[in-house]
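Encoded as structure tokens, the structure appears first; notes follow it.
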Amino acid sequence: MNQRVTYTLSGALAGARQTVPLAISAFAVAVVFGILARQVGLSLLASGLMSALVFAGASQFIAIGLWATPLPVFIIISTTLIVNLRHLLMGAALRSWFSGLSAPKAYSTIFFMTDESWPLAIRDFMAGGRDAAFMLGSGLTLFPCWVGGTVVGRFIGTGIQSKDLATWALDFIFTALFTALLVSMWRGKSDILPWATAVVVALAASRWLPGTWYILLGGIAGSLVGALRDTRSAEPGSQEPQQEPQYVE
Amino acid sequence: MSNDVLAIATILGMALATYATQAGGLWLMGRVTPSPRIESWLRHIPGAVLMSIVAPAALASGPADAAAALFTAVVAARTRNLLLSIMLGVAAAWALRRVM
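As they're listed, the protein sequences go chains A and B. Here the first sequence stands for residues 33 to 281, numbered as in this note's numbering. Here the second sequence stands for residues 23 to 122, numbered as in this note's numbering.
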């Protein structure tokens, strides 16, 4: 935690390299997004702009699901906000990386934090990686695939349904990816309680609440339980608040 | 044409909302001096968030997907190879959905 954070080309290349398999599947998912966007009446410009500027798959699919005439502008924007609230936690978890960067670098790189680049970045970070350009490289690899796939799908248009993905089990790619990443994050028995809490809360929330609240609620509940357990079992006063060296403006 | 203007305005609103959630986490954490409890909380976030994404997808969409997720986890634990785990996991999901 106390090594200096760097921001180099080789860090960006490492991020890009590890993202290639995901970028290929992101392209396929983006094609589906483009096809659906055409079906609800989005222009080529609007479809491409959404993928380039929003650049967050789950919320884009949900927005397409809400797209109607007249356009429910407020509902779409507020749903996007709620769906993406999980980014608050994801960004906070990478604080040690970003607090070592200048503000312009940190606040531009964070744009590339997606559901795909974040787990890869976290894994690199937990393995001791201290090059924050990893996320830039990862995001820049995903970006052209996501936008390009959207444009291609918007051109292809009709004929293909999202259920075709399920036929080939390609909708399982993300579950498989996240499962494999979870395994690589396992640090030992101390993870059992927070992870089990996350499972229970996420399952309950996904059953009874709309949208993607379950991600936020499960993430908050699991991490809080872990933190309370850790700090309760520690001797009172034995832990000094640790100031990290790079934590200076 | 004015339809498209409204659509693009909506998309700009979505983009701002998304960026606010990304930058917001950074901004908040730059202003709070982390206590041991907050440090510990931050360390537990990644696993808990990932678990929350995986659990409903793996456990609430039928026995085939649950078994395929378990299989993926075993492959990942044995091989530590992300791409291989994804490929074998998807193949398992495809096969299991046909028989289960």
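Glycine included, each C-beta is placed from N, C-alpha and C at the ideal position.
{"Asked": "Closer than 7 Å at the beta carbon, the chain B residues around residue 262 of chain A", "Found": "62"}
{"Asked": "Assigned secondary structure, residue 111 of chain B (DSSP; H/G/I helix, E/B strand, else coil)", "Found": "helix"}
{"Asked": "Members of the region 24-43 of chain B that neighbour chain A once the beta carbon cut-off is set at 9 Å", "Found": "25, 26, 28, 29, 30, 31, 32, 33, 34, 35, 36, 37, 38, 39, 40, 41, 42, 43"}
{"Asked": "Secondary structure of residue 146 of chain A, DSSP reduced to three states", "Found": "coil"}
{"Asked": "Beta-bridge partners of residue 163 of chain A, as assigned by DSSP", "Found": "A/38"}
{"Asked": "Same chain, Cβ closer than 7 Å to residue 30 of chain B, neighbours up to 5 away in sequence not counted", "Found": "none"}
{"Asked": "Spatial neighbours of residue 107 of chain B in its chain, beta-carbon cut-off 6 Å, leaving aside the 5 residues before and after", "Found": "94, 97, 98"}
{"Asked": "Distance CB(residue 91 of chain B)-CB(residue 79 of chain B) smaller than 9 Å", "Found": "yes"}
{"Asked": "Endpoints, alpha helix (DSSP H) assigned at residue 69 of chain B", "Found": "58-81"}
{"Asked": "9 Å Cβ cutoff met for residue 68 of chain B and residue 158 of chain A", "Found": "yes"}
{"Asked": "Any C-beta of chain A under 9 Å from that of residue 69 of chain B", "Found": "yes"}
{"Asked": "Rounded C-alpha distance that separates residue 272 of chain A from residue 262 of chain A", "Found": "Low local confidence applies: a pLDDT of 43 at residue 272 of chain A is under 50, so the model's placement there is unreliable, and no value is given."}
{"Asked": "Counted within 10 angstroms of its Cβ, other Cβ atoms place residue 201 of chain A as buried (16 or more) or exposed", "Found": "buried"}
{"Asked": "Proximal residues, the region 109-122 of chain B versus chain A, C-beta separation under 7 Å", "Found": "111, 112, 115, 116, 119"}
{"Asked": "Within chain A, partners of residue 46 of chain B - CB distance below 8 Å", "Found": "119, 120, 123"}
{"Asked": "Boundaries of the alpha helix (DSSP H) in which residue 217 of chain A is found, first to last residue", "Found": "205-217"}
{"Asked": "Backbone secondary structure at residue 158 of chain A - three-state DSSP", "Found": "helix"}
{"Asked": "Distance, residue 82 of chain A Cα to residue 147 of chain A Cα", "Found": "16 Å"}
{"Asked": "Contact residues within the region 33-47 of chain A, judged by C-beta distance below 8 Å to chain B", "Found": "none"}
{"Asked": "Per-residue DSSP class, three states only, for residue 85 of chain B", "Found": "helix"}
{"Asked": "Close-in-space but distant-in-sequence residues of the same chain around residue 229 of chain A (CB under 7 Å, 5 per side omitted)", "Found": "253, 254, 257"}
{"Asked": "Coil, strand or helix - residue 200 of chain A by DSSP", "Found": "coil"}
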